[in-house]
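Residue numbers (the numbering used here): 1 to 113.
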């Protein structure tokens with residue numbers, strides 16, 4: 001096989017492993033409705049990195065990098081959205097009669113949820 005084909009196969013396998021690594025977290029958040037112990041700032045850092053890796057792969061014209069990072073990015077986004085949703089619902093249940101005040105700073109977003 002040609003070296004370029006082997007490199008693409010290696011990239012797809014690495015991307016598949018990275019994607020599969022996020023499946024338990026997606027399942028935990030969306031099926032079991034558990035979000036404790038997950039750091040949103042860390043997730044947003046990972047989302048930023050994955051977005052940049054996807055763009056980098058696009059600029060290099062590397063399909064394995066674009067597809068694997070792009071799909072993994074969608075999984076991580078679904079985890080982040082699920083966590084924000086669960087924490088917002090929990091906040092609403094705990095204090096249904098309290099007036100909601102929007103956060104004044106970005107960091108307060110993480111403390112509210």
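Think of the CB as a built atom: it goes at the ideal place given N, C-alpha and C, for glycine as much as any other residue.
Same chain, Cβ closer than 7 Å to residue i, five either side skipped, listed in chain order
i, result
"residue 50", "69, 72, 73, 76"
"residue 47", "73, 76, 77, 80"
Inter-residue CB distance, residue i and residue j (contact presumed, cutoff 8 Å)
i, j, result
"residue 40", "residue 83", "6 Å"
"residue 2", "residue 64", "Rounded, the Cβ-Cβ distance is 14 Å, inconsistent with contact."
"residue 117", "residue 62", "Summary: the structure shown does not reach residue 117, with the chain confined to residues 1 through 113, and so no result is reported for it."
Cβ neighbours of residue i in the same chain (closer than 6 Å, five flanking residues each side left out)
i, result
"residue 80", "43"
"residue 30", "82"
"residue 59", "none"
8 Å CB neighbourhood of residue i in its chain, flanking five on each side removed
i, result
"residue 54", "65, 66, 69, 70, 73"
Requested in this report: Please determine if the stretch 29-36 and the stretch 76-89 are in contact, where contact requires at least 3 C-beta pairs separated by less than 8 Å.
Outcome: yes
Report task. Could you pull out every unbroken alpha helix (DSSP H) segment of at least 4 residues lying fully inside the stretch 19-100, listed in chain order? Result -> 40-60, 63-94
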